[in-house]
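Just so we're aligned: the sequence shown equals residues -23 to -1, 1 to 408 in mature numbering (1 follows the signal peptide of the UniProt record, and there is no 0). One structure below.
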Amino acid sequence: MYGKVVTALFCFLCAVLFWCVVAQNDTDEVFNFSRRRSTTPDPILNFFANPPTCDNGRGVCIKECSDIVLMRPDVSCGSILVCCSRESDNSVNQPDNGFAFPTRPTRPPAITTIRIKQTRPTTTTTTTTTTTTTTTEEPELPEEPFDPEDCGYGSSEEDSTGQTLGDSYRGEFPWNVGIFSREKSFYGTNQDIFHCGGTIIDDFVVLTAATCVHNKNRSSLIVIGGMLDVFSRREKRQERSLEQVIIHPKFGHTSRIYDIAFLVLSDKFDYSRTINRICLPRLGTSFKESNCLFTGWGDGTSDGVRQVMKTVELQLTESRPCEDSLRRMIYKNVFKLSESFQCAEEEANTVNIGRMDVGSPLVCNVRGKNRQFYQVGLYSWSTMEPNVPSVFTNVTFFREWIDGQMKLIDRLPYIYEPEVENEENEGNEEN
């Protein structure tokens, strides 16, 4: 009996082994994809391998840019995808706007907040040797204690003025700020989207164009001071959220008249060599013999963002010739320049101010002081055509409104006046 059981078991095992050998070929035909690979392209894989282009071929339509500054101003990608510089598609790293973008990391992008911590040393051990690799970010630039003696002064010993277009220096224009919105990225990290520029007039107050903050969610907006290089991780910057956004009641979103907004910060800026307030002129101040500059991060050639804040030499233009130039370009004989505007013109045949410069300052030097500046305007709009003036919000015209807003939040309305004018004001109040 025992022998029959052993014989039957042996026959069963032989049958199983035979089946495995014979069926192997059929099994391979079913599960070996290398033998059954289709020659027809997969449309989904083809889409991600060759995404559609945008921005005249300089960008591609993808889910999300690897860095906010790579986003291109093009809406042709639809509502789901965004237009990004080709670097975001992990393509060849090509120069854009005069510089090369950093290569995209293979891991999900780091949080794009301003302060980036140094990474700790990592140790990799093998069976034969031990290799230690230390990866650190560039150290932050030292920030020396600084007490600004007056408004409108920078701390840089270098001077970028005297040229049509140039890069400004660290601390040269410390009142410039960038206004961003903070949003969650696809990876769940913070992503800061650059919107426009602004200026510090008090350690608790920033001026900008109403166009910049109109219909924006105040809780998502942040103001960053002490910034020069958009990509730098070494700069000692200060970041503030907004307590209040006050837009002029006469602001026209379409016409851009009264294009000014008063931003109250949730916490004050600490003055330093890279953060100081600008001076504001009184109504009636003349700038006929003043040197005037524009500073901002916009790129006039691509409507994108420059890496380093630029300096542009400008010449103030009277209202009548500015109005005539604009009439020839856009509105013919029906256009009338609002009293809330101030025009300024670049050197002939150049366009260096772009859409991302909205809210950034036009400044002119205080009479007799080449290194002290008044803010004369906030960039509002232009035709983007050479030899046609750009249009700025006339800050001098709004001086009384700004003073009134300062008093409403219990701030000194003369903190943004040069010391000589401030002393005159105090003497008049005593009398």
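In this text, a Cβ means the ideal position worked out from N, Cα and C, and glycines have one as well.
{"Item": "Residue closest to F246, alpha-carbon to alpha-carbon, out of V365, N329, V200, T360", "Value": "V200"}
{"Item": "Length of the line joining the Cα atoms of I224 and H230", "Value": "11 Å"}
{"Item": "In chain order, each beta strand (DSSP E) run of at least 3 residues that lies wholly inside the segment 174 to 216", "Value": "182 to 185, 198 to 202"}
{"Item": "Residues near D206 by beta carbon distance below 7 Å, same chain, minus five either side", "Value": "E212, Q284, V285"}
{"Item": "Beta-bridge partners of S62, as assigned by DSSP", "Value": "G36"}
{"Item": "Neighbour-count burial assignment, residue 429, 16 or more Cβ in a 10 Å radius", "Value": "This structure leaves residue 429 out entirely; the chain is present only between -23 and 408."}
{"Item": "C-beta atoms of R254 and D179 nearer than 8 Å", "Value": "yes"}
{"Item": "Neighbourhood of Q292 by C-beta, 6 Å cutoff - its chain only, sequence neighbours within 5 removed", "Value": "E322"}
{"Item": "Proximity test, G261 beta-carbon vs the ligand GDP heavy atom, cut-off 7 Å", "Value": "Annotation note on the ligand GDP: not contained in the displayed structure, which lists no ligands."}
{"Item": "Top-ranked residue by Cα proximity to C54, from N310, P29, S145, N33", "Value": "P29"}
{"Item": "Per-residue burial, H172 [other beta carbons within 10 Å of its own, 16 or more giving buried]", "Value": "buried"}
{"Item": "Nearest neighbour of P338, chosen from R214, S218, K287 [CA to CA]", "Value": "K287"}
{"Item": "Best match in I177, V190, G331 for proximity to P363 [C-alpha to C-alpha]", "Value": "G331"}
{"Item": "L355 - DSSP class collapsed to helix/strand/coil", "Value": "strand"}
{"Item": "Residue closest to L219, alpha-carbon to alpha-carbon, out of S232, T272, T185", "Value": "T185"}
{"Item": "Close beta carbons around D334, own chain, < 7 Å, minus the five adjacent residues each side", "Value": "G174, G273, G275, Y356"}
{"Item": "Euclidean distance between Cα positions of C38 and F163", "Value": "15 Å"}
{"Item": "Distance, S267 Cα to residue 414 Cα", "Value": "The first residue shown for the chain is -23 and the last is 408, placing residue 414 beyond what the model contains."}
{"Item": "Delimiting residues of the beta strand (DSSP E) encompassing P338", "Value": "338 to 342"}
{"Item": "Stretch pair the segment 311 to 320 + the segment 225 to 244: three plus CB contacts closer than 8 Å", "Value": "yes"}
{"Item": "Inter-residue spacing [alpha-carbon to alpha-carbon] between L22 and L142", "Value": "Low per-residue confidence applies at L22: pLDDT is 44, beneath 50, and the placement is therefore not dependable, though the value from the model is reported in the following sentence. The alpha-carbon atoms of L22 and L142 are separated by roughly 45 Å."}
{"Item": "Inter-residue Cα distance where the pair is M204 and R304", "Value": "37 Å"}
{"Item": "T109, buried or exposed, once every other Cβ within 10 Å from all chains shown has been counted against 16", "Value": "Low confidence applies here, because T109 scores a pLDDT of 35, under 50, leaving its location unreliable; read the following figure in that light. Exposed is the call here."}
{"Item": "N- and C-terminal bounds of the beta strand (DSSP E) containing K384", "Value": "Unbroken run through K384 is the alpha helix (DSSP H), 376 to 385; no beta strand (DSSP E)."}
{"Item": "6 Å Cβ shell around R233 - same chain, five flanking residues per side excluded", "Value": "S357, W358"}
{"Item": "Beta-carbon separation (whole angstroms), L270 vs E290, contact threshold 8 Å", "Value": "6 Å"}
{"Item": "Beta-carbon proximity check, residue 416 vs S197, cutoff 8 Å", "Value": "The question about residue 416 has no answer here: the residues shown for the chain are numbered -23 through 408."}
{"Item": "Beta-carbon proximity of G165 to F150, cut-off 8 Å", "Value": "no"}
{"Item": "C-alpha gap between C(-13) and G(-21), whole angstroms", "Value": "12 Å"}
{"Item": "Under 8 Å between C-beta atoms of P366 and S302", "Value": "yes"}
{"Item": "Through-space distance from F239 to Y351, alpha-carbon basis", "Value": "17 Å"}
{"Item": "CA-to-CA distance, T360 to I307, given in whole angstroms", "Value": "8 Å"}
{"Item": "First and last residue of the uninterrupted alpha helix (DSSP H) at L303", "Value": "296 to 303"}
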